[in-house]
Amino acid sequence: MSRIALVTGGSRGIGAAISTTLKNKGYTVAATYAGNDEAAAKFTEETGIKTYKWNVADYDASKAGIEQVEAELGPIEVVVANAGITRDAPFHKMTPDQWNEVIATNLTGVFNTIHPVWPGMRERKFGRVVVISSINGQKGQFAQVNYAATKAGDLGIVKSLAQEGARAGITANAICPGYIATDMVMAVPEKVRESIIAQIPAGRLGEPEEIARAVAFLVSDDAGFINGSTISANGAQFVV
Ligand code: NDP
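Letter 66 of the sequence shown, counting from 1, is numbered 66 in the UniProt record's numbering, and no numbers are missing.
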């Protein structure tokens, strides 16, 4: 029987690679997105993966969306909380809106994504949770007080969930990608991108598939004893 996997922000970038990799490994995948209908439709056309639209920052919408996915596909056994945004500004210029939007999506959004599926995982005595954090949650980053706070908070979420879920056969782990070639990174000015690459010992950006393959391992049966861990995937840019 194929396992059901939910990937938030699964229609573009790293999430799209995760959705596709899991599908190719035999999972039935539901990929969510926020509002880019065109990208989502194109993604479904190319991959056959069903997409669902809701805002992860909205608990009621997340719960209703997850209920719809479970009604259509079956109980969700794998959750990849990947949806995330940036609203960068140096701290002295950061607005409360920039702070609140990032907290709502990257931190509360992770709660909203996992909380509705958690009781079912506990009942069925199986679950796999992966949260996509960031190198900048590990080391902090200029102009990303909001983003770094959420990504560090995401690590606290998985470390706590790991302890709560272990007896029920649920694992929760995080991946901290370094700089990966997606819209989020390609949107920064070329000069800035070049200076980022210069800081990566591997001498290149990561590929979304390199994150997706780490997710595929963490959600597999082979990784059942890996719980509460953080995998850094950053080309040695930051070694913990
Ligand atoms: P992209 O901007 O390429 O894609 C983001 C995806 O998340 C889209 O599918 C988008 O939907 C969705 N999304 C955004 N906000 C919401 C929301 N409120 N509700 C539901 N879905 C939402 O991002 P990346 O692939 O670059 O990043 C994916 C994750 O990896 C993020 O958590 C990011 O912080 C993290 N990360 C990325 C790195 C990188 O170098 N790219 C480095 C480290 C971490 P829509 O298409 O509708 O906009």
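Just so you know, even glycine gets a beta-carbon here, dropped at the ideal spot from N, CA and C.
All values reported here derive from a predicted model rather than from experimental measurement.
Proximity to residue i [Cα-Cα], best of the options
| i | options | result |
| --- | --- | --- |
| residue 84 | 69, 150 and 41 | 150 |
| residue 86 | 129, 10 and 107 | 107 |
| residue 202 | 224, 235, 175 and 126 | 235 |
| residue 205 | 221, 237, 223 and 225 | 237 |
| residue 132 | 116, 34 and 157 | 157 |
| residue 80 | 56, 35 and 122 | 56 |
| residue 31 | 38, 24, 43 and 25 | 43 |
| residue 179 | 240, 19 and 200 | 200 |
| residue 59 | 187, 94 and 114 | 114 |
| residue 212 | 176, 195, 191 and 189 | 176 |
| residue 27 | 40, 63, 34 and 76 | 76 |
| residue 63 | 22, 118 and 47 | 118 |
Proximity below 7 Å, CB of residue i to CB of residue j
| i | j | result |
| --- | --- | --- |
| residue 78 | residue 3 | yes |
| residue 166 | residue 230 | no |
| residue 126 | residue 169 | yes |
| residue 152 | residue 141 | no |
| residue 129 | residue 172 | yes |
| residue 102 | residue 146 | yes |
| residue 104 | residue 143 | no |
| residue 296 | residue 7 | Lying before the first or after the last residue shown, residue 296 is absent from the chain, which here runs from 1 to 240. |
| residue 116 | residue 197 | no |
| residue 209 | residue 5 | no |
| residue 109 | residue 162 | no |
| residue 10 | residue 19 | yes |
| residue 183 | residue 13 | yes |
| residue 40 | residue 33 | yes |
Bridge partner(s) assigned by DSSP for residue i
| i | result |
| --- | --- |
| residue 6 | 30 and 79 |
| residue 232 | 176 |
| residue 240 | In the DSSP output, where bridge partners are listed per residue, residue 240 has none listed. |
| residue 211 | Paired residue(s): none; residue 211 is not in a bridge. |
| residue 171 | 128 |
| residue 203 | Beta-bridge pairing links residue 203 to no other residue. |
**Q.** Unbroken stretches of the beta strand (DSSP E), 3 residues or longer, contained in the segment 11–71
**A.** Runs of the beta strand (DSSP E) inside the segment 11–71: 28–33 and 50–53.
Q: Would you check if there are 3 or more beta carbon pairs closer than 8 Å linking the segment 36–53 to the segment 205–218?
A: The segment 36–53 is not in contact with the segment 205–218.
Q: Jot down the residue ranges of each uninterrupted alpha helix (DSSP H) in the segment 71–143, minimum 4 residues, whole runs only, in chain order.
A: Given a length threshold of 4 residues, each whole run of the alpha helix (DSSP H) inside the segment 71–143 is given here in chain order: 96–102, 109–114, 118–124 and 135–139.
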